[in-house]
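Participant: Here the UniProt record's numbering is used: position 214 in the sequence shown is 214, and no number is missing along the way.
All residues carry an ideal CB built from backbone N, CA and C; glycine is no exception.
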Amino acid sequence: MKITVKGSTMVQPAAATPAVSLWNSNVDLVVPNFHTPSVYFYRPIDAADFFDAAVLKAALGRALVPFYPMAGRLKRDEDGRIEIDCNAEGVLLVEAESDGAVDDYGDFAPTLELRQLIPAVDYSQGISTYPLLVLQVTYFKCGGVSLGVGMQHHAADGFSGLHFINTWSDMARGLDLTVPPFIDRTLLRARDPPQPQFKHIEYQPPPAMPSSVGPTRSGARTSGSRAWVRLPIHDADFGWGRPIFMGPGGIAYEGLSFVLPSPTNDGSLSVAISLQTEHMKVFEKLLYDI
């Protein structure tokens, strides 16, 4: 399947926004520096303006006004700590075409082919050089559309990221902002004096050398699970209907799985998991034996 980029735009907020720097919490700082990939798929409808790029860009610019940190860039303060520079440089919106069809993706497994629906990010030039949000609207020959999203994890977690996408879709339908984002960082300040409730092992001296030989074999947990069941992942209706699918655009490592709710709210679940071929056979047997 061939994906052809037809154009790209750096969409900036539609009105002036605060030029401030927002520091990240300690929890945010331990997150790896990457863009979380996800993809939405939409069936075609009989509408002349189906996923019109002008409508999407205008609504995106309006959504970036209350969500102005999303239009900024990462930077480091004088101590080297990562923070968000709210400089309104904008988010990347790519328009592309495909010679394939939505149904060619089958069950929408997060394969390398699916990853082509999300803009690639060049991290080699430093954290201040790339957008916090990259978007790609791909038009298929069947008339369907996909929306690929890459969102910097320092800027938003899963719920707040969906809050932005769903607000953008609401504004594309002509609706007003219903739930504004909460950007006040004062709630994240440490207490003075500090009142730790658990041990901070990173500030403790390393343990002494063992007096005897330890175990000669050790292991590490290599699996993980992300449940998106309670997240509003299917609420992004831009005016042409809800998505028929929304899910991860890639899986970071072997053993990681995603549990996804049904787009029809019928109570069923989908599981996307990355395993080696021989391990997948064992997993399938275990799953169906339960």
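1) Could you tell me how far apart the beta carbons of F164 and A63 are, in whole angstroms, since I believe they sit closer than 8 Å?
2) Got a sec? Which residues, its chain only, sit under 7 Å from F41 by beta carbon, not counting five neighbours each side?
3) Quick check on P180 - is its C-beta less than 8 Å from some C-beta in chain D?
4) Sort out for me which residues DSSP pairs T36 with in a bridge.
5) Please return the same chain residues whose Cβ sits closer than 7 Å to the Cβ of M1, not counting the five positions on each side in sequence.
6) Between the alpha carbons of residue 295 and A53, how many angstroms are there, rounded?
7) How big is the Cα-Cα spacing for W23 and R185?
8) State the DSSP-derived secondary structure class of Y42, mapped to helix, strand or coil.
9) Quick check on DSSP: helix, strand or coil for K2?
10) How would you call P69, buried or exposed, if buried means at least 16 neighbouring beta carbons within 10 angstroms?
11) Taking C-alpha atoms, which residue in K285, L269, W240 lies nearest to V229?
12) What whole-angstrom Cβ distance do L177 and P66 have, given they're in contact under 8 Å?
13) Taking 8 Å as the cut-off, decide whether the C-beta atoms of G7 and E95 are in contact.
Facilitator: In short, the structure shows the following:
1) 7 Å
2) V102, F108, G144, S146, P243, I244, F245
3) Any reference to chain D falls outside this structure, which holds one protein chain only.
4) M151
5) S98, D99, G100, D104, E113
6) Here the chain comprises residues numbered 1 to 290, so residue 295 is not present and cannot be evaluated.
7) 8 Å
8) strand
9) coil
10) buried
11) L269
12) 6 Å
13) yes
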